[in-house]
Amino acid sequence: MAKKLERRDKRQLAGCDSNCEAESARSGMNRRCHRINTRSRNASLARSGAARADVPRVEVVFYKEILDHRGFPHHCEVMRVCFDGAAQEAAISGAIHRFERLQRVTTWKVAADGYEVVTH
Numbered sequence: 001m002a003k004k005l006e007r008r009d010k011r012q013l014a015g016c017d018s019n020c021e022a023e024s025a026r027s028g029m030n031r032r033c034h035r036i037n038t039r040s041r042n043a044s045l046a047r048s049g050a051a052r053a054d055v056p057r058v059e060v061v062f063y064k065e066i067l068d069h070r071g072f073p074h075h076c077e078v079m080r081v082c083f084d085g086a087a088q089e090a091a092i093s094g095a096i097h098r099f100e101r102l103q104r105v106t107t108w109k110v111a112a113d114g115y116e117v118v119t120h
């Protein structure tokens with residue numbers, strides 16, 4: 001068992017931080033979905049200027065309206081599209097175009113019942 005753990009401790013995923021992989025090997029948790037090296041990502045954001053606090057972040061959340069067993073409507077999130085540093089109108093239109101492209105529909109109303117805009 002120790003030999004397996006040692007081998008797993010030395011292995012790295014593509015682009016994953018070695019500390020992340022070593023920690024997941026010790027704890028026994030599978031973190032294969034975490035493939036972003038956060039230090040290099042934060043450094044690239046700092047170089048591009050997107051990590052500044054004064055840049056507004058806009059999220060557009062597309063949802064379907066689902067009825068529960070009593071007939072009450074609930075919003076079920078289909079997709080969340082984030083934009084950093086864009087005006088709200090530009091972020092909404094860009095999110096609609098991205099949603100239509102990813103869902104492979106001609107108009108967003110085919111795949112969603114509505115959207116909400118969240119500003120951070």
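Note that my numbering has the sequence shown beginning at 1, numbered continuously upward. Backbone N, C-alpha and C define an ideal beta-carbon position, used for all residues, glycine too.
**Request:** Please state if the CB of residue 60 and the CB of residue 105 are separated by a distance shorter than 9 Å.
**Result:** Going by C-beta atoms, residue 105 is not nearer than 9 Å to residue 60.
**Prompt:** So what does DSSP say about residue 114, is it helix, strand or coil?
**Reply:** In this structure, residue 114 counts as strand in the three-state DSSP scheme.
**Asked** When the distance is taken between beta carbons, is residue 112 closer than 9 Å to residue 81?
**Response** Taking the C-beta atoms as reference points, residue 112 is found no nearer than 9 Å to residue 81.
**Request:** In angstroms with no decimal places, state the Cα-to-Cα distance between residue 107 and residue 84.
**Result:** Each residue's alpha carbon lies about 24 Å from the other.
**For residue 120 and residue 57, believed in contact at Cβ under 8 Å, the rounded distance** = The Cβ separation is near 4 Å, so the contact holds.
**Item:** Nearest-angstrom Cα separation, counted from residue 66 out to residue 72
**Value:** Straight-line spacing of the CA atoms in residue 72 and residue 66 works out to 8 Å.
**Asked** Are residue 116 and residue 75 close, meaning C-beta to C-beta below 9 Å?
**Response** Less than 9 Å divides the Cβ of residue 116 from the Cβ of residue 75.
**Request:** Consult DSSP for residue 80 and reduce its assignment to one of helix, strand or coil.
**Result:** Three-state result, residue 80: strand.
**Cut-off 7 Å between Cβ atoms - residues of its own chain near residue 89, not counting five sequence neighbours on either side** = Excluding positions up to five away in sequence, the list is empty.
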